[in-house]
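Participant:
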Amino acid sequence: METIRGKMSLDLDLIGLNDRLANFSRVLLDLGTGDGRYVRHLAERNPRWFVIGVDSCRENLRKHSRAKLPNALFVIANAQELPRELNGLVSHITINFPWGSLLESLLTGDSKLMCGLEAISHENASIELHLNSGALTDAGMVLETGAKKIYDNLLQAGWRMNEPGWMESRLLRSLPTTWAKRLAFGREPQAVALSGTIK
Numbered sequence: 001m002e003t004i005r006g007k008m009s010l011d012l013d014l015i016g017l018n019d020r021l022a023n024f025s026r027v028l029l030d031l032g033t034g035d036g037r038y039v040r041h042l043a044e045r046n047p048r049w050f051v052i053g054v055d056s057c058r059e060n061l062r063k064h065s066r067a068k069l070p071n072a073l074f075v076i077a078n079a080q081e082l083p084r085e086l087n088g089l090v091s092h093i094t095i096n097f098p099w100g101s102l103l104e105s106l107l108t109g110d111s112k113l114m115c116g117l118e119a120i121s122h123e124n125a126s127i128e129l130h131l132n133s134g135a136l137t138d139a140g141m142v143l144e145t146g147a148k149k150i151y152d153n154l155l156q157a158g159w160r161m162n163e164p165g166w167m168e169s170r171l172l173r174s175l176p177t178t179w180a181k182r183l184a185f186g187r188e189p190q191a192v193a194l195s196g197t198i199k
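In structure tokens, the structure reads:
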């Protein structure tokens, strides 16, 4: 699979990945990681976790992927075609403020995305999503309707989901992503959190 560090593109096979993962207690994956700030933050503050950021846009990742953290990895891949090298490895998945094709796949229950999430999940894996009204409005839906649709699609795909919950400005400010900060200091921040575990 293709990985990135700064401007360098590097190929990492399963053997190399397993070598990187040795001695880490948890593997977290941030799907649609954007600029990678969230991954870098988690990796720096949790040295026993191995944190993987996945995004299809390499340009956005160049800044934060430069950090030479032994427990962080940035992978270039589409959400609908997750690398097989990740299968069965991930204990926690995050999807923070998706938009574009990732949001569309969540809203439609795209089988490639849903099967990919299941494939990469370790036994008893958990998932956490944060959705914002702006992205859903662009997709033609109000926040509550979009969140419920994604909730239903994840249930159908085999996840045990908790009821959606509203995110206040305080929670948004505490979430270390670039988008969360923008939303938190907006006029009327509107966001919803979803969470669950694999059956």
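Counting in our numbering, the sequence shown runs from 1 upward without gaps. Glycine is no exception: its CB is placed at the ideal position from the N, C-alpha and C atoms.
Buried or exposed: arginine 48, going by 16 or more other Cβ atoms within 10 Å of its Cβ?
Facilitator: For the purposes of this step, residue 48 is taken as the residue at position 48 of the sequence shown. By the 10 Å Cβ count, arginine 48 comes out exposed.
Participant: If you check the beta carbons only, do glycine 37 and histidine 64 fall under 8 Å apart?
Facilitator: As a first step, residue 37 must be located in the sequence shown, where it is residue number 37. As a first step, residue 64 must be located in the sequence shown, where it is residue number 64. Sequence inspection shows arginine at residue 37; the glycine mentioned does not correspond to that position. Yes. Within cutoff.
Participant: Within a Cβ cutoff of 6 Å, which residues of the same chain sit near alanine 43, ignoring the five residues on either side of it in sequence?
Facilitator: Residue mapping note: residue 43 aligns to position 43 of the sequence shown, counting from 1. Only Val51, Leu69, Asn71, Ala72 meet the Cβ criterion.
Participant: Is alanine 135 helix, strand or coil by DSSP?
Facilitator: Position 135 of the sequence shown, counting from 1, holds the residue named residue 135. It is helical.
Participant: Within the same chain, show all residues whose beta-carbon is closer than 6 Å to that of alanine 193, passing over the 5 residues directly before and after it, in chain order.
Facilitator: Translated into the one-based positions of the sequence shown, residue 193 becomes position 193. Excluding positions up to five away in sequence, the list reads His130, Gly165, Met167.
Participant: Following the continuous alpha helix (DSSP H) through arginine 45, name the residue where it begins and the one where it ends.
Facilitator: In the sequence shown, counting from the first residue as 1, residue 45 sits at position 45. From DSSP, the alpha helix (DSSP H) with arginine 45 extends over 37 to 45.
Participant: How many Å lie between serine 25 and asparagine 46 at the Cα?
Facilitator: Reading the sequence shown from its first residue, position 25 is the one you call residue 25. Reading the sequence shown from its first residue, position 46 is the one you call residue 46. Straight-line Cα distance between these residues: approximately 10 Å.
Participant: With a 10 Å radius around its C-beta and 16 neighbouring C-beta atoms as the bar for buried, classify threonine 94 as buried or exposed.
Facilitator: Here residue 94 corresponds to residue number 94 of the sequence shown, with the count starting at 1. With 16 or more Cβ atoms within 10 Å of its Cβ, threonine 94 is classed as buried.
Participant: So within the stretch 70 to 151, which uninterrupted beta strand (DSSP E) runs reach at least 3 residues, ignoring any that extend past its ends?
Facilitator: Fully enclosed beta strand (DSSP E) runs of 3 or longer: 72 to 76, 90 to 96, 121 to 132.
Participant: Tell me the DSSP bridge mates of phenylalanine 50?
Facilitator: Translated into the one-based positions of the sequence shown, residue 50 becomes position 50. In the DSSP output, where bridge partners are listed per residue, phenylalanine 50 has Val27.
Participant: Near alanine 125, which residues of its chain fall below 8 Å by C-beta distance, leaving aside the five closest residues on each side in sequence?
Facilitator: Indexing the sequence shown from 1 puts residue 125 at position 125. Once the five neighbours on either side are set aside, the close Cβ partners of alanine 125 are Val90, Ser91, His92, Ile93, Thr197, Ile198.
Participant: Could you give the C-beta distance for alanine 135 and proline 83, rounded to a whole number, given that I count them as a contact under 8 Å?
Facilitator: As a position in the sequence shown, residue 135 is number 135, starting the count at 1. As a position in the sequence shown, residue 83 is number 83, starting the count at 1. At roughly 25 Å, the Cβ-Cβ gap does not stay under 8 Å, so alanine 135 and proline 83 are not in contact.
Participant: Where does asparagine 196 fall in DSSP's three states?
Facilitator: Sequence index remark: in the sequence shown, residue 196 carries index 196 (1-based). The displayed chain sequence assigns glycine, not asparagine, to residue 196. Three-state result, glycine 196: strand.
Participant: Just the Cα atoms here: how many angstroms apart are alanine 119 and glycine 16?
Facilitator: Sequence index remark: in the sequence shown, residue 119 carries index 119 (1-based). Sequence index remark: in the sequence shown, residue 16 carries index 16 (1-based). Roughly 20 Å between the two C-alpha positions.
Participant: Please determine, among Ala22, Val142, Asn23, Gly100, the residue with the shortest C-alpha to C-alpha distance to leucine 31.
Facilitator: As a position in the sequence shown, residue 31 is number 31, starting the count at 1. It is Gly100 whose Cα lies nearest to the Cα of leucine 31.
Participant: In the structure shown, what three-state DSSP assignment does aspartate 11 receive?
Facilitator: The count along the sequence shown starts at 1 and reaches residue 11 at position 11. In the structure shown, aspartate 11 sits in a strand (DSSP, three-state: E or B).
Participant: Could you please give the first and the last residue of the uninterrupted beta strand (DSSP E) stretch that includes glutamate 2?
Facilitator: Taking the sequence shown and counting its residues from 1, the one referred to as residue 2 is at position 2. Segment 2 to 5, the beta strand (DSSP E) holding glutamate 2.
Participant: What does the Cβ neighbour count give for methionine 8, buried or exposed, with the cut at 16 atoms within 10 Å?
Facilitator: Along the sequence shown, one-based indexing puts residue 8 at 8. Result: exposed.
Participant: Leaving aside the five residues before and after asparagine 78 along the sequence, list all residues of the same chain whose C-beta is less than 6 Å from its C-beta, in chain order.
Facilitator: As a position in the sequence shown, residue 78 is number 78, starting the count at 1. So the qualifying residues of the chain are Ser56.
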